[in-house]
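Protein chains in written order, with the UniProt record's numbering: chain A, 1 to 395; chain B, 1 to 299; chain C, 1 to 236.
Even for Gly, the Cβ is constructed at its ideal location relative to N, Cα and C.
Report on the following structure.
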Amino acid sequence: MVNLRPSLATCLILGLGILPMIGGGAKAADEIVIGEIHPITGPATFYGLPESRGVQLAAEHINKAGGVKVGGKEYQIRIATEDDQASPTVGVAALRKLVSADVRFIIGPLASGVAPALKPIVERNDKLTQLIDGTIAENMTNGKNIFRNQATVGGYNVAVAELFKAKKYPSVAMMTDRFHAGFMNSQKDLAGNLKELGVSIASEDYYKLGDTDFSAALTNLRGRNAEVLLIRGYPAEGALITKQARQLGFTGQVVWEMVSPPSTVLKNITAAEMEGVYNCIPPTTEDYVKLGDEKAIALDKAYRAKHNEGPGELTALSHDAVYIFKAAFEKAGSLDNAAVNKAMAALMVSDIPELVTRYTPQPDGRLFAADGQVDLRGEVSVWRGEAWEPARLTD
Amino acid sequence: MMLELLPQQLANGLALGSTYALVALGLTLIFGVLLIPNFAHGEFYMLGAFVTYALVATGLNFWLAMATAVVLVVLIGWIVDRVVFQPVAAAPGHDSGGHGSGLSLMISALAGSIILQQLATIIWGTEARTIPAPMTGMVRTSLFTITYLQITIIATLAVAWTAVWLVLHRSRLGLAIRATSQNRDAALLMGISMTRVRLATFAIGAALGAVAGALLGATFPIYPSMGVNPVLKAFVVLVIGGIGSLPGAIVGGLVLGMVEVMVAGYGSSQFQDIGTFLILVAVLLIRPQGLFGRAQVER
Amino acid sequence: MLRIDNLSAGYDRLEVLHAVSFSVERDAPTVMLGANGAGKTTLCRVITGLIPARGGGIFLDGADITRLDPSERVKRGVALVPEGRQVFPDMTVRENLRLGAYVHGEPGRAEFDAVFAMFPILAERQHQRAGLLSGGEQQMLALARALMSRPRLLLLDEPSQGLAPKAVALVAETVNRIAATGVAVLLVEQNLILAEAVARHAVVLETGTCVADGPASEMLASGAVEDSYLGKKRRH
Ligand SMILES: Nc1ncnc2c1ncn2[C@@H]1O[C@H](COP(=O)(O)OP(=O)(O)OP(=O)(O)O)[C@@H](O)[C@H]1O
Ligand SMILES: [Mg+2]
């Protein structure tokens, strides 16, 4: 008897608390929630934050233009943002959080370390569809419920081969970040491709993130007569290796193979020391702007208006990812994951006119290959003045 | 086997080794005098780099910026000692000497180091950057090339060592510091004030860390966790050279730099770290007290 | 001169001294006797401030010095020749002596000459590392170093340890000379020859408690002291 009153009160409070939640849930029925997992803080912020913002921008744009039409009904897109700090453990926790909130569509992650950690979880969950807008390591997709609209290292290497063919460089010394799975796994293929072009491989050296002294390996370049120094990794080390190579008297061509925002590059090396360095990666948002691409210019403008600074290298990819999802929803005519997966696999490049990134269609016109990977090829850009610009290889 | 490159590799080793020695100098002083394994030395180094960077970014001359950074980092060093190490030494459960036990000091040092890193992350973010070099250009001879900045680092090492030597051997404060490092209780019995010795030791140690950070930050990228590796290397240098020995820090640093460059240059760059490990094991086997260390005698 | 009043101290959870009380007068050099582990060294460390007192007080000429820093006590004239000598091994003999005078600034020639007159061997060895001296020479150095601080109260913790009889005699003679200049002396000693040669007053410490106190001549003769001080005898 004595205990009754408090428990009654508890029931009342609980009931009052739950009611509004149910109401809120009902209202959310016309929403599609897309989760995005990117490194918003931590060491990869300079890639991740502009990606997260690109996702937001695209969603806002779609919502303003009437949202997504699925089975005759209009949905608004809501983005649920999670920060993975480029760490596998944080990334897994972020994914679990989204799954428990019943989020069934995921964009991301960026980091090569995080993607393999998420893969087994996503693969085993048929209520998840993932579109990776980062990591260039091979074998991250399955074509069933994991897709990727970023290039693979193979795509980067296309540009390297193109550069060597056009310039007829006789020899190359490679320096590769030995903890970058993508670059390491493709090292052998790239070396093979270059050998086929008649390039002699003067040396293959490896370093790791955070290394600061490369003088021993770079000194040896002089003895090996390498015409080109090819650096594969991240920009802080790229800048350092470039600087030290020049100081040690290397006069040949320096070629980078890495996504490297000019702002980041210039924090570590002067513009003068960068002049003439080539980079072999798929075009960045900025490259498309420089090529006069209207969609890219519009994205750039919207981004600047909202954030007071230019977009990141990968903003276009993340922006495109939202449009790819939209096209898949509409093509599927359903929000059921199985249907969306199937529609995604069947998407044609021509189905999504809003894409900023210029993908090479598969032979049958589709966006994704059977393994869920797009065909995005590297192009050669060159450092001029304060930034990269598309290189003309013919002269 | 590429012997014509040997002079250059020697120059590389000297340049690299002097960066190790510069970081190890402050670490060995604090360890030698106060028996504190100061992992936060890496953060003195990091803060020296970042403060210099921030001031240079406002247009201040590099050397003035470095001097200001030294002063600031000394203050931070005192705060770290007061907040992180002294409470451990004062806590009950330690021997009569008033030292903290090695383990609890090590754990507080790591905690202090992490807190300072977080602080720097909040202020500057995690993106790597480099302090604009105070000088560019290099000396090119037919045998080797060396940048002015590398020469400056080697010269700074020589000056820093001379300055510390003069303080320790030509001043009363130095006498007190040396006495404390040899026998803390006896030093107390002489009426030496531990507070002054601590302040002075942390000031010199932190200042050395800050100078190293400012100069190496103009060579290498700086970021909040940049101090972790150099401090681990510096501990290796200490073991090689002899813990608490200043000449040991210098010779140990140079030896480590040379060995690493030779292993990378004539072996493979992948083995650079293995070189570090090998020399560590060799020293521990042949001369466990380090090149300049004195074998510990029971007193 | 020195009054110890109900003093307790220890390490960690171990209390070593339990309410110890006694006095040392300027004109009565005092010897403290006690078995190994009785707490004699601990007492010296509390008096000099190396470890804190847990209760009771230490008074120097009536002034309470219980909570003062070691350096403050040195300035007021407390000096200790510690057990095991504790010279600075990597410094020269001269530097050791300079450190002895640390609280008074740099010692002048006269001060050096005074201790060199007392210990000629130190003058010979003044530029040698103290760690290279023989045990007896190090004991001389420890004593000389303590004198450099111009003590008013000189504590000696087993200065005869490891010394040949001839060296013990030299220590006795030196201590007597110092006592004659008006310096109060507390000698912790197990060597009865040295104790008898120096002390006019004796205190016996047994497991951290003062068990006897009286004129040295009587105490050293009495069986009670023998029992207590040669505690090991009873254990046999
Ligand atoms: N640093 C210390 N930490 C903990 N216990 C200690 C310490 N030093 C001494 N003790 C303990 O305190 C007790 C008294 O030791 P102390 O050195 O004062 O004895 P002592 O009378 O000087 O003996 P001895 O004649 O052997 O020199 C002993 O039981 C000893 O084990
Ligand atoms: Mg004793």
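>> So within the region 170-209 of chain B, which uninterrupted alpha helix (DSSP H) runs reach at least 4 residues, ignoring any that extend past its ends?
In response: 172-182 and 184-189
> A/G182 and A/A137: beta carbons closer than 9 Å?
Replying inline: yes
>> C/R145 and residue 241 of chain C - do their beta-carbons sit closer together than 9 Å?
In response: In the structure displayed, chain C extends from 1 to 236; residue 241 of chain C sits before or after that span and is not available.
> Taking C-beta to C-beta, are C/L17 and C/L7 nearer than 9 Å?
Replying inline: yes
>> For A/E352 and A/Y323, which I take to be in contact (beta-carbon distance under 8 Å), what is that distance rounded to the nearest angstrom?
In response: According to the sequence displayed, residue 352 of chain A carries Ile and not Glu. Going by Cβ atoms, the distance from A/I352 to A/Y323 rounds to 5 Å, so yes, they are a contact pair.
> Using 9 Å as the limit for Cβ to Cβ distance, is B/N61 near chain A?
Replying inline: no
>> If I follow the unbroken alpha helix (DSSP H) through A/E330, where does it start and stop?
In response: T315 to A332
> Since A/E82 is in the beta strand (DSSP E), which residue starts that stretch and which ends it?
Replying inline: K73 to D83
>> Please list, in chain order, the chain C residues whose beta carbon lies closer than 8 Å to that of B/S193.
In response: D69 and S71
> In this structure, does DSSP put A/E286 in helix, strand or coil?
Replying inline: helix
> Of all Cβ atoms in chain C, is any one closer than 9 Å to the Cβ of B/L291?
Replying inline: no
> Does the Cβ of C/T41 lie closer than 8 Å to at least one heavy atom of ligand 2?
Replying inline: yes
>> With the cut-off set at 9 Å, would you say C/F88 and B/A200 are in Cβ contact?
In response: no
> Going straight from the alpha carbon of A/A217 to that of B/Q9, what length do you get?
Replying inline: 9 Å
> So which residues on chain B does A/K119 lean against when the C-beta distance must stay under 8 Å?
Replying inline: What A/K119 touches in chain B: nothing, since even the nearest Cβ is about 26 Å away.
>> Does chain C have any CB closer than 9 Å to the CB of B/N38?
In response: no
>> Rounded to whole angstroms, what is the Cα-Cα separation between A/S203 and B/T52?
In response: 37 Å
> Straight-line CA distance for B/I154 to B/A210?
Replying inline: 16 Å
>> Given this structure, state the Cα-to-Cα distance separating C/P165 from C/C44, to the nearest angstrom.
In response: 25 Å
> Which term fits B/V63, buried or exposed, when burial requires 16 or more other beta carbons within 10 angstroms of its beta carbon?
Replying inline: Per the sequence shown, the amino acid found at residue 63 of chain B is Trp instead of Val. B/W63 should be labelled exposed.
>> Less than 9 Å between CB atoms is the rule here; does C/S8 satisfy it with respect to chain B?
In response: no
> Would you call the CB atoms of B/L175 and C/E95 closer than 9 Å?
Replying inline: yes
>> In the DSSP output, which residue or residues are listed as bridge partners for B/T145?
In response: B/R140
> Sorted by chain position, which residues of the same chain lie with C-beta nearer than 6 Å to C/T41's C-beta, five sequence neighbours on each side aside?
Replying inline: E83 and D157
>> Tell me the DSSP secondary structure of A/H180 in three-state form.
In response: coil
> What does B/L188 touch in chain C if you count any residue whose Cβ is under 7 Å from its own?
Replying inline: L50 and P70
> Do B/A90 and B/L105 come within 9 Å of each other at the CB atom, strictly closer than that value?
Replying inline: no
> Over what stretch of residues does the alpha helix (DSSP H) that includes B/D273 continue unbroken?
Replying inline: Q272 to I286
> Taking the C-alpha atoms as reference points, what is the distance between A/P39 and A/S52?
Replying inline: 8 Å
>> Measuring only from the beta carbon, is C/G34 closer than 8 Å to any heavy atom that is part of ligand 1?
In response: yes
>> DSSP three-state label for B/F85, please.
In response: helix
> How about C/D61 and C/R150: are their beta carbons less than 9 Å apart?
Replying inline: no
>> Please tell me whether, using a cut-off of 8 Å, the distance from the CB of C/V188 to the nearest non-hydrogen atom of ligand 3 is below it.
In response: Here the bound small molecules are ligand 1 and ligand 2; ligand 3 is not part of this structure.
>> Using only the alpha-carbon positions, how far apart do B/F235 and B/L280 sit?
In response: 10 Å
> Are B/I204 and B/G26 close, meaning C-beta to C-beta below 9 Å?
Replying inline: yes
> Alpha carbon to alpha carbon, what distance is there between A/T315 and B/S269?
Replying inline: 36 Å
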